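S.K.:
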Amino acid sequence: MRHGHFLKLLLAGALALPMLAGVARANPLILFDLKSGKILEHQDAFKRWYPASLTKLMTAYVTFRAIAAGEVTLDSPIKVTKHSAGEPPSKMGFKPGSVMRLDNALKMMLVKSANDIAMAVGENIGGTQAAFADRMNAEAARLGMTGTHFVNPNGLYSPDQYTTARDLALLVMAIRGEFPQYAPWFSIEGLAVGKKALPNYNLLIGRYPGADGMKTGFVCSSGFNMIGSATRNGRTLVAVVLGEKSAVSRAETAAKLLDQGFDTPTTGSTTLAALPSYG
1 MRHGHFLKLL LAGALALPML AGVARANPLI LFDLKSGKIL EHQDAFKRWY
51 PASLTKLMTA YVTFRAIAAG EVTLDSPIKV TKHSAGEPPS KMGFKPGSVM
101 RLDNALKMML VKSANDIAMA VGENIGGTQA AFADRMNAEA ARLGMTGTHF
151 VNPNGLYSPD QYTTARDLAL LVMAIRGEFP QYAPWFSIEG LAVGKKALPN
201 YNLLIGRYPG ADGMKTGFVC SSGFNMIGSA TRNGRTLVAV VLGEKSAVSR
251 AETAAKLLDQ GFDTPTTGST TLAALPSYG
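Residue numbers (this note's numbering): 1 to 279.
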């Protein structure tokens, strides 16, 4: 399915946005091949940006590593603290003292983008928000995310919480490379929790052919962020798109990038690790 057809489905009868000759490059973006790490397109890849809820990918990564180390299991209880319950939306709204399994907490965090649950996961695994943020920053440093710093696990605004498109690409490489068993979690179309139906904010999922991830984010200071991935014929491409004007435009930009990428060979391209800093 080409980008124009995808847009028609995405807008579901609304006025179609104008088609462009290429992807608008006003904000940071990067498109890369997941297996090789080779870059197909990039713009302002090292520009500092607020990650918003893309932060939750690092929260998931730290948690996956904690599971692998035997610190916790997918069945471990996650208790909602008073502090986590007080986080602003998007949230589940569970009362302090509520308990859920870690696997369910992670799915709510990734699909609903629940800020209260992300904080609860961080506090339960790290002990405190600050201690968990230290673990996030340690992992960022280990992965070579040189333009990234975290102070919370959910991505709510702080001037001290920032990243770059290139750093987010490195994080995606680590998550998908080290923990392929969790890949299906990033393509869940929606969850049913009690009487609540929770659709995925990622508008590519279930609409764009081969879409299989990964996360969206928004705070006023960041605009609409997105990491969209798709797999076709065994080839997975990932588009990191930051600072779009709407949920639709971030999905449109990601879809256009992915379309271009699937038409482009990666032979000879620069890798994420080799991309020199610029800007």
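The beta-carbon is built from N, C-alpha and C at its ideal position, and this holds for glycine as well.
It should be emphasised that the depicted structure is a prediction, and the values quoted were computed from it without experimental measurement.
Please state whether DSSP places A197 in a helix, a strand or coil.
M.R.: strand
S.K.: Are the CB atoms of S229 and L57 nearer to each other than 8 Å?
M.R.: no
S.K.: Inspect the CB distances between the stretch 50 to 65 and the stretch 75 to 82 and report whether three or more fall short of 8 Å.
M.R.: Not touching, per the Cβ criterion.
S.K.: Rounded to whole angstroms, what is the Cα-Cα separation between S221 and G70?
M.R.: 37 Å
S.K.: With a threshold of 6 Å on Cβ separation, who are the neighbours of A118 within its own chain once the five nearest residues in sequence on each side are excluded?
M.R.: K56, T59, M109, P153 and N154
S.K.: Starting from Q43, trace the beta strand (DSSP E) both ways and give me its first and last residue.
M.R.: I39 to Q43
S.K.: What does the Cβ neighbour count give for V172, buried or exposed, with the cut at 16 atoms within 10 Å?
M.R.: buried
S.K.: Using 8 Å as the threshold, is the stretch 226 to 243 in touch with the stretch 253 to 267, meaning 3 or more CB pairs across them?
M.R.: yes
S.K.: So the candidates are F150, W185 and G268; which of them puts its Cα closest to the Cα of D160?
M.R.: For D160, the nearest C-alpha among the options comes from F150.
S.K.: So what does DSSP say about V219, is it helix, strand or coil?
M.R.: strand
S.K.: Confirm, please, whether the CB-CB distance from K245 to W185 is below 8 Å.
M.R.: Contact flag unset, no.
S.K.: Excluding five sequence neighbours on each side, which residues of the same chain lie with their C-beta closer than 6 Å to the C-beta of A21?
M.R.: Only weak support is given to the placement of A21: the predicted model assigns it a pLDDT of 38, under 50, and the value that follows is read from those uncertain coordinates. There are no such residues.
S.K.: Which residues mark the beginning and the end of the alpha helix (DSSP H) in which V172 is found?
M.R.: A165 to E178
S.K.: Rounded to a whole number of angstroms, what is the C-alpha to C-alpha distance between G97 and Y50?
M.R.: 31 Å
S.K.: Given R250, which residues of its chain have a CB within under 6 Å of its CB, disregarding the five upstream and five downstream residues?
M.R.: F224, M226, V241 and E244
S.K.: Nearest to N200 by CA position, among T216, V72 and T128, is which residue?
M.R.: T216
S.K.: Taking the beta carbon of S187 as the centre, do at least 16 other beta carbons fall within 10 Å, making it buried, or is it exposed?
M.R.: Looking at its Cβ environment, which holds 16 or more other Cβ atoms inside 10 Å, S187 is buried.
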